[in-house]
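Chemist: Encoded as structure tokens, here's the structure I'll be asking about.
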Amino acid sequence: MGSQLVTAVATPITFEEFEKRYAGSGRPVEYWHGRVVEKSVPTWLHSVLQAVLVEALRRAGYKTGPEVDLRLSSEFAPRPDVMAGRRSIETRYPTDPSQVEIVVEVLSPDDKMAALLAKCKEYVALGIEQVYVADPESETAWIWNRERGQLDRTEAWTLTNGVSVPLVDVWLEMRERR
6 MGSQLVTAVA
16 TPITFEEFEK
26 RYAGSGRPVE
36 YWHGRVVEKS
46 VPTWLHSVLQ
56 AVLVEALRRA
66 GYKTGPEVDL
76 RLSSEFAPRP
86 DVMAGRRSIE
96 TRYPTDPSQV
106 EIVVEVLSPD
116 DKMAALLAKC
126 KEYVALGIEQ
136 VYVADPESET
146 AWIWNRERGQ
156 LDRTEAWTLT
166 NGVSVPLVDV
176 WLEMRERR
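In structure tokens:
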């Protein structure tokens, strides 16, 4: 997810200004309600887990991608570590919530819990069905519990299509690819 360092701007910028400045720039930034939020550079283990998750979701029947900008709202334009959906995406970025069923945030050592929880809530508000968080260091994962508004620890992800992904297999593959 990144460290959520806010780029210094004197006044909030519009989404259109954000697009002009950063679209296609390659900079790891997100748009959060007028603020430009920089993501941290991922660690090796973060990147390995990200690749393992992309593959696991693809094998489960999803179209997947890492670090894809979501354009589902003009107020919040995140770049989740992994996104997945079963519908084809014909546009430059996913622009329809039905294209994105699942997002995964992979923790980095400098992530802040308050920012992570806020981001999970934003994903749910955008209409994303399942929000997962994975920590490669502790080999721990959570799912966002909509009813309680919190992350619940889990040992397996039961995806929107009913496929179960046992996380013990994910952690094993991550260790093998290290």
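The opening residue of the sequence shown carries number 6 in the numbering used here; numbering runs sequentially from there.
Cβ atoms here follow ideal geometry from the backbone N, Cα and C, with glycine treated the same way.
1. Of the residues 107, 54 and 98, which one's Cα is nearest the Cα of residue 91?
2. For residue 99 versus residue 77, is the C-beta spacing smaller than 9 Å?
3. According to DSSP, is residue 156 helix, strand or coil?
4. Check whether the Cβ atoms of residue 83 and residue 137 sit closer than 9 Å, and answer yes or no.
5. Straight-line CA distance for residue 17 to residue 42?
6. In angstroms, rounded to a whole number, what distance separates the CA positions of residue 149 and residue 125?
7. Please return the same chain residues whose Cβ sits closer than 8 Å to the Cβ of residue 135, not counting the five positions on each side in sequence.
8. To test your reading of the DSSP string, which unbroken beta strand (DSSP E) runs of 3 or more residues are found completely within the stretch 56-86?
Modeler: Based on what the coordinates show:
1. 107
2. yes
3. strand
4. no
5. 12 Å
6. 7 Å
7. 106, 107, 108, 148, 149, 162, 164 and 165
8. 68-71
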